[in-house]
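Chain order of the listed sequences is R and E. For any residue, its number in the numbering used here is found by taking its place in the first sequence, counting from 1, and adding 42. For any residue, its number in the numbering used here is found by taking its place in the second sequence, counting from 1, and adding 42. Here a beta-carbon is modelled for each residue, glycine too, at the ideal position from N, C-alpha and C. Predicted model only: the values in this text are computed from it and were never measured. Working notes, beginning with the structure itself.
2 protein chains.
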Amino acid sequence: MDVFEAVAEPSRRTLLDLLLEGERPAGELVAGLPALSQPAVSRHLRVLRDAGLVDVRVEAQRRIYALRPTGFAEVEAWLERYRRYWSGHLDALEGHLARRQQAGDDHEGEST
Amino acid sequence: MDVFEAVAEPSRRTLLDLLLEGERPAGELVAGLPALSQPAVSRHLRVLRDAGLVDVRVEAQRRIYALRPTGFAEVEAWLERYRRYWSGHLDALEGHLARRQQAGDDHEGEST
DNA sequence: GCGTTATATAATCCTCCTCGGATATAGTCG
DNA sequence: CGACTATATCCGAGGAGGATTATATAACGC
């Protein structure tokens, strides 16, 4: 399951949010999603791990989870291409919008 | 369907990629995904529209699709919170990575 | 007005995957 | 042993995604 699918699931985003406040043992994460059973949360954590979004550290019988840049970097890279698109087309976009406002372009639906 | 789910689908990301090269009429987008039927592509475009990722302009009998910043901004905003996390924890992160390298940690990143 | 082109949408049917529950088990420590 | 977790099954509900087919528009060319 790729990063995008991993992040598409609300419960998983909640887990990431919890980790935004700092690393946490699995137990706390399970407690953070009271609607889900322990195995369910564990499965979500597995997905997040595989997607490179979180990192685990073993501490005695605990597994401490923390955010991990890898997966986020993937999303970042994907988004970056579109960000470049805007910057590359910003002038054209602005020009377009300006023209629409001012002239009431040819292909416009409105007759104002 | 929220932006994250919209973007999670590979075919839809392909459509966005096509639009990265510039705006295109629906017909070309349909042609760009030969594996899918016209209604299927049209449904994907619908999802992208609803998610605010693309914009449509009617031109004669054609519908010209183009990227639209709105939806991307949502992902951007989400990602931003994590980006701030890294900058806030960069020192801790570096320390952590250094420790991993030195110690040769056991729980290395399994890819699948 | 007609026929054609370009699209969207709807309806139906199908397949497959995801998510969750429940339960049991195994491994690792303290 | 008992706490903490991961995993493995098995099961069921639900939805996503696709194919088809058909229909409704809207605009163009004749």
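Proximal chain E residues relative to residue i, where beta-carbon distance stays under 8 Å
i	result
R:V117	V117, L121
R:P67	Near R:P67 there are no residues of chain E at all, since even the closest Cβ is about 14 Å away, more than 8 Å.
Cβ-Cβ distance between residue i and residue j below 8 Å
i	j	result
R:V117	R:V72	no
R:R91	R:A68	no
E:L60	E:R54	no
E:L109	E:V89	no
R:A50	E:A50	yes
E:L87	E:L58	no
Cβ neighbour criterion (16 or more within 10 Å) applied to residue i
i	result
E:G113	buried
E:L62	exposed
R:R123	exposed
R:G94	buried
R:P81	exposed
R:P111	buried
R:W128	exposed
E:A48	buried
E:V100	exposed
Chain E contact for residue i (CB, 8 Å cutoff)
i	result
R:Y107	no
R:E70	no
R:P76	no
R:P111	yes
Proximity test, Cβ basis, 8 Å: residue i and chain R
i	result
E:L62	yes
Proximal residues of chain R, C-beta to C-beta of residue i below 7 Å
i	result
E:A50	F46, E47, A50
Distance cut-off 7 Å: residue i Cβ against heavy atoms of the ligand GDP
i	result
R:V49	The ligand GDP is absent from the structure shown, which contains no ligand whatsoever.
May I have a chain-ordered list of the alpha helix (DSSP H) segments no shorter than 4 residues that lie completely inside the stretch 75-116 of chain E? Whole alpha helix (DSSP H) segments, 4+ residues: 80-92.
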